[in-house]
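*Asks:* Protein chains in written order, with this note's numbering: chain D, -8 to 419; chain R, -8 to 419.
Virtual Cβ for every residue (Gly too), placed ideally from N, Cα, C.
If you scroll down you'll find the structure; I have some questions about it.
There are 2 protein chains.
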Amino acid sequence: MDAREQALEARRAARVLAALPSDRRVAALHRVADAIGLQRARIRAANDRDLAAAKDAVRVGGMTEALAARLPLTDAKLDALSAGIRAIAAQDEPLGRILRETELGPGLLLRQVSAPIGVLLVIFESRPDALPQIAALALRSGNGLLLKGGKEAEHSNAVLHAVITEALAPDVPPGVLGLVQGRAAVDALLQLDDVIDLVIPRGSGALVQHIQRNTRIPVLGHAEGVCHVYVDAAADPDKAVAIVIDAKTDYPAACNAMETLLLHRDSLGGLGQRLCAALHAAGVALHGTPEAAAALGIPADADLRREWGDLACSVAVVGSVEEAIAHTATHGSGHTEAIVTEDADTAQVFLDQVDSACVFHNASTRFADGYRFGLGAEVGISTGRIHARGPVGVEGLLTTRWLLQGDGHTVGAVARGDWAFAWKRRVG
Amino acid sequence: MDAREQALEARRAARVLAALPSDRRVAALHRVADAIGLQRARIRAANDRDLAAAKDAVRVGGMTEALAARLPLTDAKLDALSAGIRAIAAQDEPLGRILRETELGPGLLLRQVSAPIGVLLVIFESRPDALPQIAALALRSGNGLLLKGGKEAEHSNAVLHAVITEALAPDVPPGVLGLVQGRAAVDALLQLDDVIDLVIPRGSGALVQHIQRNTRIPVLGHAEGVCHVYVDAAADPDKAVAIVIDAKTDYPAACNAMETLLLHRDSLGGLGQRLCAALHAAGVALHGTPEAAAALGIPADADLRREWGDLACSVAVVGSVEEAIAHTATHGSGHTEAIVTEDADTAQVFLDQVDSACVFHNASTRFADGYRFGLGAEVGISTGRIHARGPVGVEGLLTTRWLLQGDGHTVGAVARGDWAFAWKRRVG
């Protein structure tokens, strides 16, 4: 089956899926959750093949330990996957929700209702557990889905795809979830802007940028996460240390990890020194601007636009919350920024004016995540301003339709004065 | 000022605009509405220059009468513009609305709030009254706006832009609304995907396609409107005639005009003949499929994907509502489709399953319009499935931000079991 036929099949199957009653779409998700539990041995066997290949690759330097560590589908992970799919099944029905209802005039009722986008192409690296999560979000939202995983999880992805599509029968046509093999197939799919509605790349900035440059299909995602924590002059020192350490060290490679620490000039002495000491103790290499370096005794080699992705960060100095906001606008990637302060007014200025997908007060940047936000799971985190922004769950996979019900209404009748628009808003 | 500097200035100014209290943004809109009334003579003088040039152009065949007819800024149009701007000012405050609120855990509150997109580039042809309407929508939603109008309305656009930006003082920096001159400037702006967030072309399908092919900025709009009216076997004949005539003849060049009439096979004889006679009497040229042509005595030269844009339409025959739905999926442009029927079940199938931006029952396709939908005005109609779909008013010019307020919360504390996610949804 060529790329276009696979995409068209996903669209046809998605129309069948979306037309199913809610309870049958929910039942299909429970069958998928069951199957992942019941077919554990089959999944583990395939996963073992990927793990063996990864072990060899690490030995010869062809794969990092960190990448290999994301591959195992342990029993705990498979249990969590099933539970996550059941949680997505338990969410409120996303399709056909009435977002707005207006009586335009006598007997003429307009409704804006939620609907699936159509066909999604998701390209993900490494973690095979992303496949069932993304599949569950697409099934819940009535979308067709084409999935392309990484070579390093090839066998795991193939068996997960088989287990899931087998569980879709008898209601849902298996073509609703297509597994894409090989880079050439991806390149062909990226050309199909008449069939595929949205591309979601999950992986390195290089992957995202490559895709953005090679398709005319809208792309949802983030190329980089240059997240800031601003420690204000009115910060509580203990909270500042806890948040800064958590934001940088909980998972340094994550897109929502802190990459730049912004210190208020007035707290360079006491709290600034304490934060540096805590970061050093946690193994974090600090890279200061000239002013930060001079005041804190750290190297003067900050790179303010860099996503370190490791136990390292830049340290810069600002004189006010306004300067901190301007710094994030100039150097940030619009992902997540946090302020630590006990001053409510200062916090409000930061919350109001920082123009990023996620803006936090006295909380770690690491909370920027679909699961932690209560979305069940996420297909990705978007730093774009169009369609969906921040962590994207089921709602980001929806569009709307406008439904109008009349009784022979024409615009000519309005022009003739037979009736007039009244626009009585009932919902939304 | 070069294109990049103009776009950056719009972004800076938009940040000032969006940070203003709601009442001051509303007051600026009222000053704009006042100024359009007070500076009528200045506006008319500039418009007269465009009208004189258009008259010459029509004489030598350089412009159609239809295009020239869209240029005059009559007193009635200027009054309607001021009234429309006041209506947009009177709408509920669009910024900072809480769309979702969840207590993630003890003392950790997440809110998703509405926010401006950033900087919009709107390219429009002919009608100069589009400029104040679009400017009002951008000002209401806190966005920066770059406007490029057609050469034929050059003087009208320049003076409208001057009148509006003069009225913005003292609160709103005039750079929030940039007027773009010349095609080269547009081409330069289309390259600025790091500064401009959304392009909205309003004009011919050729214009829209040209822009889609020449930018990496997301494009909102429609290349074509191939709208269908399906007259079911259970249609009320009088309603069918009224709706079909309205949909085709009220404004044949509009994107929401009917381009294809779908007739149920069972009604080819009586109602089909009557519809053809009514369309003929209204001056509409009919182009049938072979079956329609044979049954109705019309030419067998249908072009089922064509946007006729004139007093002409295709006529095709289907055997059921399902066939009508399949026809719109195959040949339509996803803009607006209507069914005429007295059978509620059949209507529901059509409303549920037609995958277009607007789906109507017993109402003319001509209602697909931001003003008629009660949105105040529209920046355009989108047939895309990403971001906004159908008529786009203020809400289509918004994105969201996620605001999280805690008290020193870290994800490490969750891992240690200090507290657990509870996700209590309060709003949304």
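Along the chain, which unbroken stretches of the alpha helix (DSSP H) at least 4 residues long are found entirely within the segment 190 to 246 of chain R?
*Replies:* 196 to 204 and 228 to 240
*Asks:* List, in chain order, every chain R residue whose beta-carbon is nearer than 8 angstroms to that of residue 446 of chain D.
*Replies:* Given a span of -8 to 419 for chain D in the structure shown, any question on residue 446 of chain D remains unanswerable.
*Asks:* Would you call the segment 100 to 118 of chain D and the segment 187 to 194 of chain D touching, i.e. three or more CB-CB distances under 8 angstroms?
*Replies:* yes
*Asks:* Would you mind stating whether residue 217 of chain D and residue 270 of chain D have Cβ atoms separated by less than 9 angstroms?
*Replies:* no
*Asks:* For residue 74 of chain R, tell me which candidate among R:120, R:34 and R:32 has the shortest Cα-Cα distance.
*Replies:* R:120
*Asks:* Determine, using beta-carbon pairs with one atom in the segment 197 to 213 of chain R and one in the segment 19 to 29 of chain R, whether at least three such pairs fall under 8 angstroms.
*Replies:* Remark: fewer than three beta-carbon pairs, one from each stretch, lie closer than 8 angstroms, so the segment 197 to 213 of chain R and the segment 19 to 29 of chain R are not flagged as touching.
*Asks:* Does DSSP put residue 377 of chain D in a helix, in a strand, or in coil?
*Replies:* coil
*Asks:* Which runs of the beta strand (DSSP E) at least 3 residues long sit entirely within the segment 132 to 199 of chain R? Give them in chain order.
*Replies:* 135 to 139, 168 to 170 and 189 to 193
*Asks:* With a threshold of 9 angstroms between beta-carbons, can residue 34 of chain R be considered close to chain D, or not?
*Replies:* no
*Asks:* So who's on the other strand from residue 425 of chain R, going by DSSP bridges?
*Replies:* With chain R covering -8 to 419 only, the question about residue 425 of chain R has no answer from this structure.
*Asks:* Rounded to whole angstroms, how far is the Cβ of residue 104 of chain D from the Cβ of residue 392 of chain D, which I believe are closer than 8 angstroms?
*Replies:* 6 angstroms
*Asks:* Determine, using beta carbons only, whether residue 347 of chain D comes closer than 9 angstroms to chain C.
*Replies:* Absent from the structure: chain C. Protein chains present are D and R.
*Asks:* Can you tell me whether residue 174 of chain D is buried or exposed? The criterion is at least 16 other CB atoms within 10 Å of its CB, across all chains shown.
*Replies:* exposed
*Asks:* By the three-class DSSP mapping on this structure, what secondary structure does residue 248 of chain R have?
*Replies:* coil
*Asks:* For residue 267 of chain D versus residue 312 of chain D, is the C-beta spacing smaller than 9 angstroms?
*Replies:* no
*Asks:* May I have the straight-line CA-CA distance separating residue 205 of chain D from residue 179 of chain D, to the nearest angstrom?
*Replies:* 10 angstroms
*Asks:* Closer than 7 angstroms between beta carbons: that is the criterion. Which residues of the segment 353 to 376 of chain R meet it against chain D?
*Replies:* 353, 354, 355, 357, 358, 363, 364, 365 and 376
*Asks:* In chain order, what residues of the same chain lie with their CB nearer than 7 angstroms to the CB of residue 382 of chain R, ignoring the 5 residues before and after it?
*Replies:* 359, 360, 361, 364, 366, 369 and 372
*Asks:* Output the boundary residues of the alpha helix (DSSP H) element that contains residue 70 of chain R.
*Replies:* 66 to 81
*Asks:* Going along the chain, which residues of its own chain have a beta-carbon closer than 8 angstroms to the beta-carbon of residue 31 of chain R, five neighbours each way excluded?
*Replies:* 66 and 69
*Asks:* Curious, which full-length beta strand (DSSP E) runs of at least 3 residues does the segment 285 to 327 of chain D contain?
*Replies:* 303 to 309
*Asks:* Classify residue 346 of chain D as helix, strand or coil using the three-state DSSP reduction.
*Replies:* When secondary structure is reduced to three states using DSSP, residue 346 of chain D falls in the coil class, being assigned neither helix nor strand.
*Asks:* Which residues of chain D have a Cβ atom closer than 9 angstroms to the Cβ of residue 392 of chain R, listed in chain order?
*Replies:* What residue 392 of chain R touches in chain D: 342, 345, 346, 347, 348, 349, 350, 380 and 381.
*Asks:* Would you check if there are 3 or more beta carbon pairs closer than 8 angstroms linking the segment 225 to 241 of chain D to the segment 279 to 286 of chain D?
*Replies:* no
*Asks:* Where DSSP assigns a beta bridge to residue 351 of chain R, which residues make up the other side?
*Replies:* D:395 and R:329.
*Asks:* Comparing alpha-carbon positions, which option in R:77, R:318, R:83 and R:38 lies nearest residue 63 of chain R?
*Replies:* Of R:77, R:318, R:83 and R:38, the residue nearest in Cα terms is R:38.
*Asks:* Helix or strand or just coil, what does DSSP make of residue 108 of chain D?
*Replies:* coil
*Asks:* Less than 9 angstroms between the C-beta atoms of residue 354 of chain D and residue 90 of chain R, yes or no?
*Replies:* no
*Asks:* To the nearest angstrom, report how far apart residue 328 of chain D and residue 219 of chain D are at their CA atoms.
*Replies:* 5 angstroms
*Asks:* Hey, would you say residue 286 of chain R sits closer than 9 angstroms to residue 357 of chain R, going by beta carbons?
*Replies:* no
*Asks:* Does any C-beta atom of chain R lie closer than 9 angstroms to the C-beta of residue 99 of chain D?
*Replies:* yes
*Asks:* Count the other CB atoms within 10 Å of the CB of residue 221 of chain R; is the residue buried (16 or more) or exposed (fewer)?
*Replies:* Using a 10 angstroms sphere on the CB of residue 221 of chain R, the tally of other CB atoms reaches 16 or more, which defines it as buried.
*Asks:* Give, in chain order, every residue of the segment 235 to 252 of chain R whose Cβ lies closer than 9 angstroms to some Cβ of chain D.
*Replies:* 236, 237, 238, 240, 241 and 242
*Asks:* Do the CB positions of residue 386 of chain D and residue 85 of chain D come within less than 9 angstroms of each other?
*Replies:* In this structure, residue 386 of chain D places its C-beta atom within 9 angstroms of the C-beta atom of residue 85 of chain D.
*Asks:* If you compare alpha carbons, which of R:380, R:239, R:395 and R:-5 is closest to residue 394 of chain D?
*Replies:* R:380
*Asks:* Under a Cβ-count criterion, where at least 16 other Cβ atoms within 10 Å of its own Cβ denotes burial, should residue 251 of chain D be classed as buried or exposed?
*Replies:* It is buried - the Cβ of residue 251 of chain D has at least 16 other Cβ atoms within 10 Å.
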